[in-house]
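This report refers to the structure that appears directly beneath it.
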Amino acid sequence: PPQIEGRNIILVDDVFYTGRTIRAALNEIFDYGRPNQVVLAVLIERDGRQIPLCPDCVGESVTLTAGQRIKLTGPEPLAIHLQTLDAAA
């Protein structure tokens, strides 16, 4: 297992949405010890938070309407797409 105790951890997420993925990652980190700090960096922060977490570093904040979603493709080239879902689907 990695040495976590007293370390500074940078946790990176592509799209920060509900916060549930980050919460699960934090639970795993704390299973290995107590870090000095955990810094959360996200590429895209979108609306819809369900868990009270706040990223420390955000590439872009977006507000989506019903039927829209963010899709990342890559790695070459890394691209961010705003998709509108078909209501009939």
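Numbering (this note's numbering), first residue to last: 12 to 100.
Note that beta-carbon positions come from the ideal geometry of N, C-alpha and C, so glycine has one too.
From a predicted model like this one, the values you see are computed outputs, not experimental measurements.
What residue range does the alpha helix (DSSP H) around Glu39 cover? In the DSSP assignment, Glu39 falls within the unbroken alpha helix (DSSP H) covering Arg31 to Asp42.
Pull up the distance between the alpha-carbon of Pro88 and that of Glu71, whole angstroms please. In this structure, the straight-line span from the alpha carbon of Pro88 to that of Glu71 is close to 18 angstroms.
For Glu56, does the count of other Cβ atoms within 10 angstroms reach 16, so buried, or fall short, so exposed? Under this definition Glu56 is a buried residue.
For Arg45, the residue or residues it bridges with in DSSP: Residue pairing by DSSP places Arg45 opposite no residue, since no beta bridge is assigned to it.
Just how far apart, CA to CA, sit Val49 and Arg60? Rounded to the nearest angstrom, the two C-alpha atoms are 19 angstroms apart.
Distance, Leu51 Cα to Arg34 Cα: Take the alpha-carbon of Arg34 and the one of Leu51: they are about 11 angstroms apart.
Specify the secondary structure class of Thr76 as computed by DSSP and reduced to three states. Thr76 falls in the coil class under three-state DSSP.
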